[in-house]
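Input: a single structure, listed below in structure tokens.
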Amino acid sequence: MDQYTRVVNDPVFSELTLEVARFPRSLEGWEKLLNHLTTMASPLNKNIDPRLYQLIISTYDSLLCQFRYLENYYVDYALLEYRLGHLSKMHRIFQHGLAVFNDKSLLLWVSYLKICNEVIPNSKQLLEKYELAEDHVGMHFFAGEFWQMYLEQVRLRCNHQQRFFSMLRKILEIPLYSFSHFYALWLRCVDDIQDVSQLKKLAPKEDLVKKLKIDIDAGGRKGPRLQEAKKLLRKFTRELYLVVQYQVLEIYSLYESKIQTRYYVSPETLIPAHELELWQKYLEYTVNLRIDDLTHLNFQRALLPLAHYDVIWIQYARWLVDWKEDLLTAKQVLTQGILLSLKKSKLLKILYTILCSLNEFDQLQWIINHVKAAYSNRIEETDDFELFWDYIHFQLFIQAQSDDVLDIISKRLDQCQAREGQFLLLSALLQLQQTDNTSFIEDKIFQHLIEQNRDYYLNDGRFWSLYSRLIYLDSNRSYLERRKYILGQVWTKSRERPTKNEILPHLQQFCQSYLPEDIDNLEDLFQ
Numbered sequence: 004m005d006q007y008t009r010v011v012n013d014p015v016f017s018e019l020t021l022e023v024a025r026f027p028r029s030l031e032g033w034e035k036l037l038n039h040l041t042t043m044a045s046p047l048n049k050n051i052d053p054r055l056y057q058l059i060i061s062t063y064d065s066l067l068c069q070f071r072y073l074e075n076y077y078v079d080y081a082l083l084e085y086r087l088g089h090l091s092k093m094h095r096i097f098q099h100g101l102a103v104f105n106d107k108s109l110l111l112w113v114s115y116l117k118i119c120n121e122v123i124p125n126s127k128q129l130l131e132k133y134e135l136a137e138d139h140v141g142m143h144f145f146a147g148e149f150w151q152m153y154l155e156q157v158r159l160r161c162n163h164q165q166r167f168f169s170m171l172r173k174i175l176e177i178p179l180y181s182f183s184h185f186y187a188l189w190l191r192c193v194d195d196i197q198d199v200s201q202l203k204k205l206a207p208k209e210d211l212v213k214k215l216k217i218d219i220d221a222g223g224r225k226g227p228r229l230q231e232a233k234k235l236l237r238k239f240t241r242e243l244y245l246v247v248q249y250q251v252l253e254i255y256s257l258y259e260s261k262i263q264t265r266y267y268v269s270p271e272t273l274i275p276a277h278e279l280e281l282w283q284k285y286l287e288y289t290v291n292l293r294i295d296d297l298t299h300l301n302f303q304r305a306l307l308p309l310a311h312y313d314v315i316w317i318q319y320a321r322w323l324v325d326w327k328e329d330l331l332t333a334k335q336v337l338t339q340g341i342l343l344s345l346k347k348s349k350l351l352k353i354l355y356t357i358l359c360s361l362n363e364f365d366q367l368q369w370i371i372n373h374v375k376a377a378y379s380n381r382i383e384e385t386d387d388f389e390l391f392w393d394y395i396h397f398q399l400f401i402q403a404q405s406d407d408v409l410d411i412i413s414k415r416l417d418q419c420q421a422r423e424g425q426f427l428l429l430s431a432l433l434q435l436q437q438t439d440n441t442s443f444i445e446d447k448i449f450q451h452l453i454e455q456n457r458d459y460y461l462n463d464g465r466f467w468s469l470y471s472r473l474i475y476l477d478s479n480r481s482y483l484e485r486r487k488y489i490l491g492q493v494w495t496k497s498r499e500r501p502t503k504n505e506i507l508p509h510l511q512q513f514c515q516s517y518l519p520e521d522i523d524n525l526e527d528l529f530q
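Here the sequence shown stands for residues 4 to 530, numbered as in this note's numbering.
Here it is as structure tokens:
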């Protein structure tokens, strides 16, 4: 039996393929399938069965179609093609992966350039790739390995040393995690200078005169002048070192050391709230530095683990709009966010505003029609509360009247405990309250549930507390009218419930916040 037939007839393979077909958004299933295939195909070499090769690469393609932010799988895929001698395919995979990350993936660049060092003999072509990488990831906090590779290739492939020293001077000013390595390298270069005339290798003559008061053309004994020049260079280096050290320690202690997840995770994996808040603060810090390249880079870094959370996409788009007035890039960011984020309503709302500002009304209408069609006709029956609430916000955006929206909410509430988040929905419902619709919400929702005798709500103090708050926030009634209605209608009905002793604490809490003068009346009523 040949290798391909043995794989496709393997019951484990059949089980794993069935699993990914049933749950295509489960990353674990895809990883098991790919690991199984590569194990069965080992050792991977140029003699691999063409059918098995096609099966493996189609699995990689499908995986990366489902999870386009999996950096390490682009690397694995490209390395597979490299081992098989398919260099053009290797280049294409790396370039496609970099495009997905807007060329801002440090992992992909370092992995790609390591191979390019071996397979690109043309020095100009290779260094052009390094220059492109520098533009996109050179300021990455952990870009030390990239800069070491770049310096090494410049040293090996350039005939003149000036480019090496010019690059090293530039690196010294970047707050890198491994910054001390480059300062040690710089000081060794200073120590290796044997003549005053060699100082111009380290820096242009104009900079030496202007910044360090070192004139290599001045007369006098060269030995003492060289020692004095080295002393000044070391002093300047030490001062710059302290500045960069402070920046690195600040970034590391406040942010980088506390980040636990730096890679893409599937939608099934929850990121702790404190880490989400940490990234938001880190991005605010970065924005305030006003270094655009670094800001773009750190937003892309944050989106790697947080691609399925809308807050980072929103923060990125708002920076582009508010700080850069770049509506086109903001539009692209939001479009990507809508594809990946689990919550979409806020992203859509910002995108609608941007499309209006760009006068792209045809595209706006197209998006609205497709979003509307994407929701089920029976959205109230979905088990996903976030999806349901996204739909409510979407409906409120496309139509000013809330009648139909309240009908949908009422249908979902009628399902009582069969659906999750019902009291969260009741609480969120108060966000829809306006000057002229309090009575409508009361009749359509609260009175409806009372008339239907929905014990699930009526025996819970949260229902009566929210009902009281709805009436209290009715600006069409006077303060005395609201107090009278709450006491005479809402609280009186709640007292009739068999669970009145459990209801009372919720109403007491409401009183303490809104009607402290009626706390005695409430307690007397429940006696």
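The beta-carbon is built from N, C-alpha and C at its ideal position, and this holds for glycine as well.
By the neighbour-count definition (other C-beta atoms within 10 Å, threshold 16), W326 is an exposed residue. Nearest to D458 by alpha-carbon distance, out of K487, Q492, Q418, is Q418. Around I96, the same chain offers Y77, Y80, A81, E84 as residues with beta carbons nearer than 8 Å, after the five sequence neighbours per side are excluded. Closest in alpha carbon position to R237, among W189, I315, S126, is W189.
Taking 3 residues as the shortest admissible run, the segment 274–355 contains no complete beta strand (DSSP E) segment at all. Assignment of E18 by DSSP, reduced to helix, strand and coil, places it in the helix class. Shown here, T272 sits in coil according to DSSP, grouped into three states, outside any helix or strand. Under the rule that a run must span 4 or more residues, the alpha helix (DSSP H) segments found entirely inside the segment 164–239 read 165–175, 182–195, 202–205, 208–215. Taken through DSSP and simplified to helix, strand or coil, I453 comes out as helix.
By the neighbour-count criterion, in which 16 or more other beta carbons inside 10 Å mark a residue as buried, A320 falls on the buried side. Within the same chain, D106, K107 come within 6 Å of H139 by CB-CB distance, once the 5 residues on both sides are set aside. Taking the Cβ atoms as the reference, F144 lies roughly 16 Å from E287, outside the contact range of under 8 Å. Apart from sequence neighbours up to five positions away, the residues of its chain that approach L476 with a beta-carbon distance below 8 Å are L433, Q436, T441, ordered along the chain.
Per DSSP, S65 is one residue of the alpha helix (DSSP H) stretching across 53–69.
Judged by DSSP in its simplified three-state form, L47 adopts coil rather than helix or strand. The DSSP-derived three-state label of T438 is coil. Annotated as distal: V122 and I177, with beta-carbon spacing of 9 Å or more. Bounds of the alpha helix (DSSP H) holding G100 are 90–103. In this model, E454 and F302 are separated by some 51 Å (Cα to Cα). Here DSSP, grouped into helix, strand and coil, assigns D138 to helix.
If you draw a straight line from the Cα of N456 to the Cα of W494, it is about 16 Å long. For the 9 Å CB-CB criterion, K92 and L116 do not form a contact. Nearest neighbour of S29 by Cα position, chosen from Q197, T8, E271, turns out to be E271. Annotated as proximal: C192 and L205, with beta-carbon spacing under 9 Å. Taking a 10 Å sphere around the C-beta of V15, we find fewer than 16 other C-beta atoms and assign the residue as exposed.
The beta carbons of L345 and E389 sit about 7 Å from each other, so the pair counts as a contact at 8 Å.
The beta carbon of Y180 lies closer than 8 Å to those of F144, F145, G147, V251, Y255, E259 in the same chain, with the five residues before and after it left out.
The three-state reading of DSSP puts C419 in helix, counting H, G and I together. In terms of Cβ geometry, W316 and Q339 form a close pair [threshold 9 Å]. Excluding five sequence positions before and after L361, the CB atoms of its chain that fall closer than 8 Å to its own CB belong to L330, L331, K334, given in chain order. In this structure, DSSP gives Q425 a helical state, which the three-state scheme calls helix. For C514, the enclosing alpha helix (DSSP H) starts and ends at 503–517. The three-state reading of DSSP puts D463 in coil, since its state is none of H, G, I, E or B. When only Cα atoms are considered, D365 and I341 end up about 18 Å apart. Separation of K233 and N162 (C-alpha to C-alpha, rounded to the nearest whole angstrom) is 25 Å.
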